[in-house]
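Beneath this line is the structure, given in structure tokens, with notes to follow.
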Amino acid sequence: MSTPPPPQQHRRSAGDIKKATPPSTIVTRNGARKAKIQTRAMSASAKPSASVVAAKKKALQKKKQIVDTVIRDQYQVAMESKMKVKGPTGFVTEPRMAEHRCLWDDNYPECPERLISVLDRCRELKLIEQCKQFEPRAATKEELLVLHSPSVYEMLEGTHQNQNIEYLEELSSKYDAIYIHPSTHELALIAAGSTIDLVGRIASGEVQNGAAFVRPPGHHAMRAEPCGYCFYNNAALAASHAIRNAGLTRILIVDWDVHHGQATQQMFYDDDRVVYFSVHRYEHGAFWPNLRQSDFNYVGRGKGAGYNFNVPLNTTGMRDADYLAIWHQLLMPMALEYQPELIIVSAGYDAAIGCPEGEMELTPACYATLLHSLMGVCSRVCVVLEGGYCLPSLAEGAALTLRTLLGHAPPPPAEHPTEPGDSIRDSILNCIYAHKPYWRCFNYQPTYSVGPTPNVCDGAKRKHTVAVKWEGDETRPDSFATRDCYPKQDDSTKKRIAERLNHLRLVTNLSMPQHAVCYVYDEAMLKHKNICEPGHVECPERVMRIHERHRDFGLLGRVHQLAGRPAPEQVLLDVHTPSHLQRLKELSTTKLRDLRHQEESFDSVYFHPDSYESAAMAAGCVLQAVDAVLSGAAGGGVCVVRPPGHHADEELPSGFCLLNNAAAAARYAVRGHGLVRVLILDWDVHHGNGTQRITYGDTEILYMSIHRYDNATFFPKSTDANYDAVGAAPAEGYNVNVPWNKRGMGDAEYMAAFTQVILPIAHEYNPELVIVSAGFDACVGDFLGGCKVTPECYGRMTHLLRGLAGGKVVLCLEGGYNVTSISYAMTMCTKALLGDPIQHHYDPKAACHPSAVESINNVIKTHSKYWKSLKFQLALPAENVLEAPPPSRGLASDSNNTDPSKPLDESANDTSKSLSQFESSLESDMMNLTIDKSKCTDGIHCGTDDEDDESKRDKENKPKVGTSKTPDGSGCSKSVAEGGPLQRC
32 MSTPPPPQQH RRSAGDIKKA TPPSTIVTRN GARKAKIQTR AMSASAKPSA SVVAAKKKAL
92 QKKKQIVDTV IRDQYQVAME SKMKVKGPTG FVTEPRMAEH RCLWDDNYPE CPERLISVLD
152 RCRELKLIEQ CKQFEPRAAT KEELLVLHSP SVYEMLEGTH QNQNIEYLEE LSSKYDAIYI
212 HPSTHELALI AAGSTIDLVG RIASGEVQNG AAFVRPPGHH AMRAEPCGYC FYNNAALAAS
272 HAIRNAGLTR ILIVDWDVHH GQATQQMFYD DDRVVYFSVH RYEHGAFWPN LRQSDFNYVG
332 RGKGAGYNFN VPLNTTGMRD ADYLAIWHQL LMPMALEYQP ELIIVSAGYD AAIGCPEGEM
392 ELTPACYATL LHSLMGVCSR VCVVLEGGYC LPSLAEGAAL TLRTLLGHAP PPPAEHPTEP
452 GDSIRDSILN CIYAHKPYWR CFNYQPTYSV GPTPNVCDGA KRKHTVAVKW EGDETRPDSF
512 ATRDCYPKQD DSTKKRIAER LNHLRLVTNL SMPQHAVCYV YDEAMLKHKN ICEPGHVECP
572 ERVMRIHERH RDFGLLGRVH QLAGRPAPEQ VLLDVHTPSH LQRLKELSTT KLRDLRHQEE
632 SFDSVYFHPD SYESAAMAAG CVLQAVDAVL SGAAGGGVCV VRPPGHHADE ELPSGFCLLN
692 NAAAAARYAV RGHGLVRVLI LDWDVHHGNG TQRITYGDTE ILYMSIHRYD NATFFPKSTD
752 ANYDAVGAAP AEGYNVNVPW NKRGMGDAEY MAAFTQVILP IAHEYNPELV IVSAGFDACV
812 GDFLGGCKVT PECYGRMTHL LRGLAGGKVV LCLEGGYNVT SISYAMTMCT KALLGDPIQH
872 HYDPKAACHP SAVESINNVI KTHSKYWKSL KFQLALPAEN VLEAPPPSRG LASDSNNTDP
932 SKPLDESAND TSKSLSQFES SLESDMMNLT IDKSKCTDGI HCGTDDEDDE SKRDKENKPK
992 VGTSKTPDGS GCSKSVAEGG PLQRC
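In the numbering used here, each number is its position in the sequence shown, counted from 1, plus 31.
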């Protein structure tokens, strides 16, 4: 959004000024100048206050201090990852929680069987025994009063062991969707305390992640009122505890329960230490809890403005593709920018197939995929059970979630992904529009003007209309129904659901590989070297250093090492011509003086008498890994091979490449193993022109490449590497190029390409195998690539790819010519396949370069006709079209809401700044105060000292979306001039 320019003002001439004018109250520039001079003269003799003098002295002293600049080693994070291996998964539950049930309605959906079915399925899959189990504990009153009112605690305490059912039902009728059992208070305390305890253990590093399978649930429990089966807010209490006790300042709460967790939202609505992200059924307010605040335009307030995300689902029947679109377009970009220290998932499974309350269509396996993506953002994750009322889908979804926490790859989808619906597209675009002022990552949609003057450039754009629609009623009744107050299904519906869920369970592949990762390396590949130029960058030291780094990190003992073997000639002939193979074979008998002459016939290639032996071994090693992964002997594969291959086409070697290892492996998987969908992702900094040419018309292989292009001036200097090369019929759309037109691309740009292009297309394609042409010449420190991707970013990309094809990912080394960079980068990829946590350097200023945004948008525009997951490229209004959100029941109207890091009674009284805080603020202001102003040059602005500087600051601090009022109505905006996170009023 951009603010319309102010109307032009006519400058008065000197003659006009001299004309006699009647007395006026308007302050002229000369009048302002005289008044300022008089004010300064009057204050010259005034004695400044002691606090101002002291603040000035401190400010001057600080200005004189020497500032130490810390230079971070570009491999520091990778080096520190050496000892960080997959930690245990914590688990806590309490079988006694089955006591909590409705005494007056046996059909109540929030029933003991929910927890029982979840635990039974987890035991059936032998998951709990793989966890580190902890004893449950009850929360203390002090812990609860941090977020809950004493009146709630006292009311529930009074029901403990009260056997008067009539009284309990009467008391329950005062609250929305609540029943109280004589043991409810005790069990609710245990649910809250166990969650707090587990989150504390995760934050301290005792366990890497964990699951709290507890009930009653918590995300509807408000400060002063139980609500929606919930009494104490388990997830919110745990987040607040982590803030207070572990010192965390960036927590992400993801609530995928089909009902909006309005209470969690309310507790952190003003807090910039917690991002609350909720995906829930809304239907414009017609669905429970029927609150305005559940809509997309409630984005937070005060310090928390921009930290509250609501993704309203306004139709039923949402499927896996709809939720994946939310993840790729909204959640993952924001989370990667936010870089949370802890993720808490309010895991309700009432959007799963068969749940009568949600009426959505998520497969249980989809929850594993969603969680796996989040674990790529932050390894410290706690899953807290919330809702879910179809027992088979609840049990399967929760069990697969725990399986993912344990480090197992998500199972491949049992149903082929569908197209995201138009309704979810509208909700996602509304959320992007509402949050654009606060986040740098939401800048892929074009804009159009809604002003009175039409923009000629807007005519051809497909436009999205941002609008708030309300069809609910927030009126709170005096009492609530306690019986038959829930949706029901007839027998035929239940039978149909049971049959579908049974089918999904049968076809979902939960088999476990014998080994997590296979690894292949052979010294025969060291024979290929440049005799005439011993210092050539494509040298044997490349794979030697990678192999040594794996040994140094202790990885060789954790992987299944395979013996190398040369690729069979028949497999190579599937991708190369006989004349090409014959040419390479003849090298073994070619005299050394003739090798140099042959090299000159090709582009950037050298030969050695043993070149064919090394190249055939490299290709054969990749085939070995493919066999191991597809046979179930290994979950993923790492191939430390050379010479590289992705520039070699059917008949010509090129760019250090002799045989195309990745293309041969993909074609082998299709013809040798019967696969029909193989994905090759090439992240080498150079375009894999050979792979593209081999697969260009193949519908069974999808080739995707992220590479430096520089408008066809970067090797291999061909327009075939541009985004408009989409494949040949009948394989149009099966060739996807993401070309960078600028050097220096780094983590932010590669993650943007992943979330906006690679992952949406890959999940829609649903590959059976992923082969990575893993060149590391875009890594930081590589002089040929000129990019800045960190080793840990390669690990993160590997982790995200592991969410495809049931984790069947084979890494095949391509380029990379800084031996230190490639050794760390490939080691981080291996660690990611092993499930080790991938640490990242916190950089709040990282932002995707505009040139990369342009490239990504060009790819999306080109391929949206082939891939329905790229349907979000609609133009959004440039101006602010949203009014301030109206008040909503339960959401406090004042911005001085209670601080969730303090108890209610303490934070309520903490309303004034201490003297030391005031002096510190004053001192900071004095340090930023500059007396020397640029002198006036036009003879007009002499009367005001700071007009020019204010104008300059206005331009410098102009936000990316320049509006005078943000969508939350606060009048605050986010400045991205300095690349900082958020600047708020």
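Built from N, CA and C at the ideal position, the CB exists for glycine as well.
For residue i, the three-state DSSP class (helix, strand or coil)
| i | result |
| --- | --- |
| proline 364 | helix |
| aspartate 713 | strand |
| aspartate 658 | helix |
| lysine 748 | coil |
| cysteine 810 | strand |
| tyrosine 734 | strand |
| aspartate 381 | coil |
| threonine 620 | helix |
| tryptophan 771 | strand |
| histidine 447 | coil |
| histidine 315 | helix |
| glycine 464 | The question names glycine, but residue 464 is tyrosine in the sequence shown. The answer is helix: DSSP assigns tyrosine 464 an H, G or I state. |
| aspartate 522 | helix |
| arginine 576 | helix |
| alanine 491 | coil |
| isoleucine 274 | helix |
| tyrosine 369 | helix |
| tyrosine 479 | strand |
CA nearest to the CA of residue i, picked from the options
| i | options | result |
| --- | --- | --- |
| isoleucine 384 | Glu910, Thr722, Phe785, Tyr420 | Tyr420 |
| leucine 367 | Pro518, Ile282, Ala277 | Ile282 |
| alanine 356 | Ala594, Arg456, Gln296 | Arg456 |
| methionine 556 | Gly666, Pro343, Phe165, His639 | His639 |
| threonine 394 | Phe244, Asp351, Pro364 | Asp351 |
| tyrosine 550 | Ala594, Arg576, Ala223 | Ala594 |
| glutamate 731 | Gly719, Ser749, Ala696, Lys748 | Ala696 |
| lysine 558 | Ala267, Ile792, Met648, Asn265 | Met648 |
| alanine 547 | Cys563, Arg589, Val538, Asp522 | Arg589 |
| valine 25 | Gly241, Pro571, Pro544 | With the chain represented from 32 up to 1016, any question about residue 25 goes unanswered, as that position is not in the structure. |
| glutamine 476 | Cys488, Asp489, Leu460 | Leu460 |
| histidine 717 | Ala743, Ile725, Asn742, Pro747 | Pro747 |
| valine 544 | Ala664, His131, Cys133 | A quick correction: the sequence has proline, not valine, at residue 544. Considering only alpha carbons, the answer is Ala664. |
| leucine 844 | Ile577, Ala336, His611 | Ile577 |
| arginine 627 | Asp453, Arg582, Lys526, Lys560 | Lys560 |
Contact set for residue i: own chain, Cβ-Cβ below 7 Å, skip 5 residues either direction
| i | result |
| --- | --- |
| alanine 700 | Val657, Leu661, Leu706, Val709, Leu800 |
| glutamine 293 | His251, Pro320, Leu322, Gln324, Ser325, Gly921 |
| valine 238 | Gly118, Pro119, Thr120, Gly121, Lys163, Arg232 |
| alanine 270 | Ile282, Ile284, Val305, Ile375 |
Proximal residues to residue i (C-beta, below 8 Å), its chain only, five neighbours per side dropped
| i | result |
| --- | --- |
| threonine 829 | Val803, Val840, Leu842, Met859, Cys860, Ala863, Leu864 |
| glutamate 502 | Glu314, His315, Gly316, Ala317 |
Residue i: CB within 7 Å of a non-hydrogen atom of the ligand MN
| i | result |
| --- | --- |
| isoleucine 891 | What this structure holds is no ligand at all, so the ligand MN is not there to describe. |
Same chain only: Cβ atoms within 6 Å of residue i, ignoring 5 sequence neighbours per side
| i | result |
| --- | --- |
| alanine 646 | Pro674, Leu689, Leu690 |
| leucine 712 | Met735, Val803 |
| arginine 152 | Ala426, Ala430 |
Requested in this report: Pair every Cβ in the stretch 310 to 320 with every Cβ in the stretch 339 to 351, then say whether three or more of these pairs are closer than 8 Å.
Outcome: yes
Report task. Please list the segments of the alpha helix (DSSP H) lying wholly inside the stretch 598 to 642, counting only runs of 4 or more residues, in order along the chain. Result -> 600 to 603, 609 to 616, 623 to 630
Requested in this report: Count the C-beta pairs between the stretch 552 to 567 and the stretch 416 to 430 that are closer than 8 Å, then say yes if the count reaches three, no if not.
Outcome: no
Query - the stretch 431 to 444 in contact with the stretch 393 to 407 per 3-pair CB rule at 8 Å - result: yes
Query raised in the report: Taking one C-beta from the stretch 883 to 891 and one from the stretch 772 to 786 each time, how about it: are there three or more such pairs within less than 8 Å?
Result: yes
Requested in this report: Evaluate the contact criterion for the stretch 482 to 496 versus the stretch 179 to 197: three or more CB pairs, one atom per stretch, below 8 Å.
Outcome: no
Report task. Inspect the CB distances between the stretch 262 to 282 and the stretch 138 to 150 and report whether three or more fall short of 8 Å. Result -> no
Query raised in the report: Are the stretch 161 to 178 and the stretch 223 to 231 touching, with three or more C-beta to C-beta distances below 8 Å?
Result: yes
Query - Continuous alpha helix (DSSP H) assignments of at least 4 residues falling wholly in the stretch 405 to 444 - result: 422 to 436
Query raised in the report: Do the stretch 616 to 636 and the stretch 678 to 690 make contact, defined as three or more Cβ pairs closer than 8 Å?
Result: yes
Query raised in the report: Where in the stretch 163 to 188 do unbroken runs of the alpha helix (DSSP H), each at least 4 residues long, occur, reported from the N-terminal end onward?
Result: 172 to 175, 181 to 188
Query raised in the report: Where are the alpha helix (DSSP H) runs, 4 residues long or more, that stay fully inside the stretch 240 to 305, in chain order?
Result: 265 to 277, 293 to 298
Query - Segment contact flag, the stretch 125 to 133 with the stretch 106 to 116, C-beta cutoff 8 Å, min 3 pairs - result: no
Report task. Would you be able to state if there are at least three C-beta pairs under 8 Å between the stretch 617 to 624 and the stretch 894 to 902? Result -> no
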